[in-house]
Every structure is written in structure tokens, then in C-alpha cells.
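For what it's worth, the numbering used here labels the leading residue of the sequence shown as -13, then goes sequentially.
The C-beta atom is built at its ideal place from N, Cα and C for all residues, glycine as well.
None of the values given here were measured: they were computed from a predicted structure.
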Amino acid sequence: MRSIHWLDWPKLCQPKCFGGLGFKNFEAFNKAMVAKQSLRLLEDPSSLLTQMMKARYFRTSSFLQAKLGSSPSLIWRALLWGRDVLHDGFVGRVGNGNSIRLFHNKWIPKPFTFKTLMNNGLNWDAKVADLFTSSGSWNLPILDTSFCKEDCDAIASIDLGFVAPLEDGSYWLFSKNGK
């Protein structure tokens, strides 16, 4: 009689060419679908879902700053879980610099972290706009004294010529078109 050879779930989810059975990873699929619904809350403020959730859970703030609250529904918990997935993939797009915080938001165009590694004398809650000169360009002396060379070069590579008068935005890191 033959015995059963058990395999763990991650191994079964691998493609057949790598020795798995090609099963779909349902947790990753569920996370993607919930994140998509969370994105709808951000992109479509006029939808019935957004209006209902805003009235119940984030009346005075935005969805990105909303808290779990008292006695949340399972749907609200799932949407916050999806929001956390989205938050990990959003990177700030520098415009006027007034809404991107230097040391809290991901905004520097460098792989993996998108954040600065050092703080030499700048306020912890400083904004990207604090690094601009009055003419709307980067204040290179402040960059040189406040950041390591790698961060300074990455920040200086952000073109402000056409974007400075615009509002700050964000883009989705894991897609080709940023949406």
C-alpha cells in the first residue's frame, strides 16, 4: 500500500514547472480583491459604498487616515486591510511639496525604501516643500548638509520644472502606468 506524501501549501501553489501543482494562492487573491475595493473608496468619492463608509467610519478624515473605530463591521476591517496593502505600494509624486512629509512618506526615487535614511538637523515633521528655494528649485546646500550622498543625488534627480505648481500626488509602484 502506498503512503500519502504531504506537501505544504506554498509548495502546492508554485507553478508546475517548479514542482508545485499550480494552485492559486487564495490569500494573495483575496488580498488583491479587497485592495481593489479599498482603491474604489479612494478613486470614486461619489459611489454609494464610499458615502456609506465615510458617514459611518471616517466622517472627519480621509480613508487613508481612518481608524478602525468602535464595533467595526467585517467589511470595514477588510477594507482597512486592503488599505494597508495599498499603502505599501503608494509612492509620493512631488508637486508643490506641501503634503509629503520628508521622513514619514515614501517619495525618494530609489529602490526598495523610497525613504530617506538620515536626518541631520531637519525637523522630524518637515515637508518636502521645506527643501525648495524661493524660486521653486531644490535647495542644494540644505540637501548636502541634511542627507547622505545617495539620498541627495536621488532627491536632486526629481525634476521640479513642470511639477512644482501642481499639488502633490501619489502613484502605484507596482503597475506600469502608476494607477
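The DSSP-derived three-state label of V114 is helix. Going by beta carbons, W93 and V20 fall outside the 8 Å limit.
Sequence-distant partners of F160 (beyond 5 residues in either direction) whose C-beta falls short of 7 Å from its own C-beta, in its chain, are G75. Taking 3 residues as the shortest admissible run, the region 27 to 113 contains the following complete beta strand (DSSP E) segments, listed from N- to C-terminal end: 76 to 79. Residue S123 holds the alpha-carbon nearest to the alpha-carbon of L146 among W158, S123, K135, G155.
Sorting N82, K135, L28 by C-alpha distance to the C-alpha of S121 places N82 at the top. For W(-8), no alpha helix (DSSP H) segment is defined, and its DSSP state is neither H nor E.
Distance from the CA of L25 to the CA of L7, rounded to the nearest whole angstrom, comes to 32 Å.
Burial check for A52: the Cβ neighbour count within 10 Å reaches 16 or more, so the residue is buried. The Cβ neighbour count for D111, taken over all protein chains shown within 10 Å, is under 16; the residue is labelled exposed. A contact is defined here as three or more CB-CB pairs under 8 Å, and the region 138 to 145 meets this definition with respect to the region 95 to 102. Within the same chain, and ignoring the five residues on either side of K113 in sequence, the residues whose Cβ sits closer than 8 Å to its Cβ are G83, N84, S85, I86, R87, L88.
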